[in-house]
Amino acid sequence: MKTNKGLVLPGEQLGNAEEIAPGRGTYEYKGTIYASVMGYPDLESASKTISVRALHEIPHVSEGDVVYARVEEIKSMLLVTTVLCSAANGRIVPGYPDGTVHISKAKDSYVDRLEKEFAVGDMIKARILQGYPAVKLTTQGPGMGVVSARCQECHAMLAKLADNKLVCTRCGRREERLVSSDYGKAPPTEETPTPPAA
Ligand SMILES: [Zn+2]
1189 MKTNKGLVLP GEQLGNAEEI APGRGTYEYK GTIYASVMGY PDLESASKTI SVRALHEIPH
1249 VSEGDVVYAR VEEIKSMLLV TTVLCSAANG RIVPGYPDGT VHISKAKDSY VDRLEKEFAV
1309 GDMIKARILQ GYPAVKLTTQ GPGMGVVSAR CQECHAMLAK LADNKLVCTR CGRREERLVS
1369 SDYGKAPPTE ETPTPPAA
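Okay, here's the thing in structure tokens:
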């Protein structure tokens, strides 16, 4: 059974139809499952379904690119984001891939807890460390970090103060983030990114 992450070509055997089910990007012929597209096979273990993610569908972000991403979840060691668009030209990243920031790549100095630097819903500017198979990001370096954030109390936008702290424009609450020097500058998007709900 071919379940590693290597590239497969159309017509390449993926497995036996008695053991696994054919999913997207595959077909079954005489009890054998084949790839119907060029791409990377993916075996979903719960349903035992094999699919092939076509190469042209794979979102393309490259090492060194700077992107805007939205913070979706904060784990103890990892920030999980949705990569929205290129910071250089505002182009949407197809497929809105997940991108993660490891705690060691969040800041130039030591980060004790990611919750002190970010909040769910923040828009961040980050640089791609790795584009494939998983998107890995860093918020180290000038200009990187949170560019837009909302008040955790009343959800109004936070404004940046001179001391790099944030203040709620509605209720006056003070909050702290890893504030980017570009805080408050709207991403130059072609359109407002509206990624699908998770
Ligand atoms: Zn507020």
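Sequential numbering from 1189 applies to the sequence shown in the working numbering.
The beta carbon of each residue, even a glycine, is placed where N, CA and C say it ideally should be.
Whose CA, out of N1204, A1209, A1205 and T1214, lies closest to the CA of V1196?
-> T1214
Unbroken alpha helix (DSSP H) runs of length 4 or more, entirely within the region 1315-1351: which are they?
-> Listed in chain order, there is nothing to give.
Can you find at least 3 beta carbon pairs, one from the region 1252-1261 and one from the region 1233-1242, that sit closer than 8 Å?
-> no
Tell me the DSSP bridge mates of V1255?
-> V1255 pairs with S1274 and A1314.
Using the C-alpha atoms, what's the distance from G1319 back to Q1340?
-> 31 Å
Once you ignore the five residues that flank G1219 on each side, which residues in its own chain have a CB closer than 6 Å to its CB?
-> A1205
Does the region 1317-1331 come within contact of the region 1349-1358, defined as at least 3 CB pairs closer than 8 Å?
-> The region 1317-1331 is not in contact with the region 1349-1358.
Keeping to the same chain, check which residues put their C-beta closer than 6 Å to that of I1208; ignore five residues upstream and five downstream.
-> K1236 and I1238
How many Å lie between K1373 and A1234 at the Cα?
-> If I take the Cα positions, the gap works out to 44 Å.
In its own chain, which residues sit with a C-beta less than 6 Å from the C-beta of A1347, not counting the 5 before and 5 after it?
-> Cβ neighbours of A1347 beyond the five flanking positions: V1355 and T1357.
Who's in the neighbourhood of ligand 1, going by beta-carbon under 6 Å from any heavy atom, listed in chain order?
-> C1339, E1341, C1342, A1344, C1356, R1358, C1359 and R1361
Can you say whether P1229 is buried or exposed, counting buried as having 16 or more other CB atoms within 10 angstroms of its CB?
-> buried
Answer with yes or no whether the minimum CB distance from T1214 to chain D is below 8 Å.
-> Any reference to chain D falls outside this structure, which holds one protein chain only.
Span of the beta strand (DSSP E) holding Y1298?
-> Unbroken run through Y1298: none, as it is neither H nor E.
Are the Cβ atoms of A1275 and K1304 separated by less than 8 Å?
-> no
Smallest Cα separation from C1342: which of A1322, R1361, K1263 and G1287?
-> R1361
Nearest to M1311 (by Cα), restricted to the options S1336, A1294 and E1232 = S1336
Check the C-beta distance from E1261 over to V1271 and give it rounded, since I have them as a contact under 8 Å.
-> 14 Å between Cβ atoms; not a contact.
Buried or exposed by the 16-neighbour rule on C-beta atoms within 10 Å, applied to P1282 = exposed
Can the beta-carbon of K1295 be found closer than 8 Å to that of L1349?
-> no
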